[in-house]
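Enquirer: Structure in structure tokens, see below.
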Amino acid sequence: MEKRQLGQTGIEMSVLGLGTVKFGRNEGVKYPESFDIPDDAALADLLSIAKDLGINTLDTAPAYGTSEERLGGLLKGQREDWVIVGKAGEEFEGGESAYHFTPEHFEMSLARSLKRLDTDYIDVLLLHSDGNDLENLSDEIIATLQDFKKRGLVRAIGASTKTAEGGIRALEHMDTVMAMYTQGYTDEKPVLDYAAQHGKGVLLKKVLSSGHDRNVAEALKFGLSHPGVTSAIVGTITPAHLKANAESSLISFPFSPPGRGPG
Numbered sequence: 233m234e235k236r237q238l239g240q241t242g243i244e245m246s247v248l249g250l251g252t253v254k255f256g257r258n259e260g261v262k263y264p265e266s267f268d269i270p271d272d273a274a275l276a277d278l279l280s281i282a283k284d285l286g287i288n289t290l291d292t293a294p295a296y297g298t299s300e301e302r303l304g305g306l307l308k309g310q311r312e313d314w315v316i317v318g319k320a321g322e323e324f325e326g327g328e329s330a331y332h333f334t335p336e337h338f339e340m341s342l343a344r345s346l347k348r349l350d351t352d353y354i355d356v357l358l359l360h361s362d363g364n365d366l367e368n369l370s371d372e373i374i375a376t377l378q379d380f381k382k383r384g385l386v387r388a389i390g391a392s393t394k395t396a397e398g399g400i401r402a403l404e405h406m407d408t409v410m411a412m413y414t415q416g417y418t419d420e421k422p423v424l425d426y427a428a429q430h431g432k433g434v435l436l437k438k439v440l441s442s443g444h445d446r447n448v449a450e451a452l453k454f455g456l457s458h459p460g461v462t463s464a465i466v467g468t469i470t471p472a473h474l475k476a477n478a479e480s481s482l483i484s485f486p487f488s489p490p491g492r493g494p495g
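Counting in the working numbering, the sequence shown runs from 233 upward without gaps.
Okay, here's the thing in structure tokens:
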């Protein structure tokens, strides 16, 4: 599978990343069908298949239930094989999300994530979004994330955003954004354009519209064809779906866009 560099960070990521919300949470999610959380053996098999397919990128968050803790155990002895994308700012408790965008909460959240993941660094740390991107991306919060990077606790920083204005602000001061961009939703295309023009990275979320888009190949082709995009994060706990997604990424994008070489 092709790998692309995340902006100018030097981090090489597979064009298809594996989202892990289903590793630890099955309530308050927007998927079309309910599901049971797999046991450790099933997740170990899934991660082994992902690695064999060339996937090296995993997306997790404190708000994903027990996802971080489970990954901490599952990745023992193979931490260097994976690029871990983590987040801070959202907590999910009692069936509801709560958002906390303060330096103190971010310090606590990062320390907790490092402990849960059993690692001394996270590759990419993103600010969660509650929709108020410009308000949440304050100078104070950006400085906090920049400090994490200086201290070697994270390798790259950015924000998961829901607005073009927020995404561009994040890229003006940090390394990357996680944005939504599909054939049916292009409001955040200016963010991808800005990234391509300024050497920043973009991770795509909800590429398949939370499982509602069944044409995987077409969806991945659309997203990965933009020169600003590094990787598309797609969550699954089903080996057959994982293999099909990986195959679709190869079919959808069998060559590098201008200016990019294969990883």
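All C-beta atoms in this analysis are idealised placements derived from N, C-alpha and C, irrespective of residue type, glycine included. Quick caveat: nothing in here was measured; it's all calculated off a predicted structure.
How would you call Asp352, buried or exposed, if buried means at least 16 neighbouring beta carbons within 10 angstroms?
Expert: Exposed, by the Cβ-count rule.
Enquirer: Can you name the residues that DSSP bridges to Phe331?
Expert: It is worth fixing the name first, because residue 331 is Tyr in this sequence and not Phe. The partner list for Tyr331 (beta bridge, DSSP) reads Glu322.
Enquirer: Could you pull out every residue in the same chain whose Cβ sits closer than 6 Å to the Cβ of Val317, ignoring the five residues on either side in sequence?
Expert: Asp291 and Val356, listed in sequence order.
Enquirer: Let me confirm a value: Ser280 is counted as buried when at least 16 other C-beta atoms fall within 10 Å, else exposed. Which label applies?
Expert: When all chains shown are included, Ser280 counts as exposed.
Enquirer: Tell me whether Gly390 sits in a helix, a strand or coil according to DSSP, three-state version.
Expert: Strand.
Enquirer: I want to know whether the segment 450-467 touches the segment 425-438 - three or more CB-CB distances under 8 Å.
Expert: With a cut-off of 8 Å, the segment 425-438 and the segment 450-467 count as touching, because enough Cβ pairs lie within range.
Enquirer: Go ahead and pull the three-state DSSP assignment for Arg344.
Expert: Three-state result, Arg344: helix.
Enquirer: Can you find at least 3 beta carbon pairs, one from the segment 282-289 and one from the segment 252-263, that sit closer than 8 Å?
Expert: Counting Cβ pairs under 8 Å, fewer than three are found: no touch.
Enquirer: Go ahead and label Lys262 buried or exposed: buried means 16 or more other beta carbons lie within 10 angstroms of its beta carbon, across all protein chains shown.
Expert: It is exposed - the Cβ of Lys262 has fewer than 16 other Cβ atoms within 10 Å.
Enquirer: Helix, strand or coil: how does DSSP classify Gln230 here?
Expert: The chain is shown from 233 up to 495; residue 230 falls before or after that span and cannot be answered.
Enquirer: Decide if Arg302 is buried, meaning its Cβ has at least 16 other Cβ atoms within 10 Å, or exposed.
Expert: Burial call: buried.
Enquirer: Measuring CB to CB, does Ile469 end up less than 8 Å from Lys319?
Expert: No; because the gap between Cβ atoms is not below 8 Å, this pair is not in contact.
Enquirer: From Ile373 to Ala293, what distance separates their C-alpha atoms?
Expert: Their backbone Cα atoms lie some 18 Å apart in a straight line.
Enquirer: Would you mind working out which of Ala478, Gly467 and Ser480 sits nearest Phe267, comparing C-alpha positions?
Expert: When each option's Cα is compared against that of Phe267, the closest is Gly467.
Enquirer: Bridge partners for Ala464 per DSSP, in chain order?
Expert: Its beta-bridge partners are Leu248 and Leu436.
Enquirer: Any beta-carbon of chain C closer than 8 Å to the one on Gly305?
Expert: Judged by its chain identifiers, the structure shown contains no chain C, having just a single protein chain.
Enquirer: Leaving aside the five residues before and after Ser361 along the sequence, list all residues of the same chain whose C-beta is less than 6 Å from its C-beta, in chain order.
Expert: Taken in chain order, the residues that qualify are Ser392, Thr393 and Lys394.
Enquirer: Using a threshold of 8 Å, state whether the C-beta atoms of Thr418 and Ser441 are closer than that.
Expert: It is not a contact, given that the beta carbons lie outside the stated cut-off.
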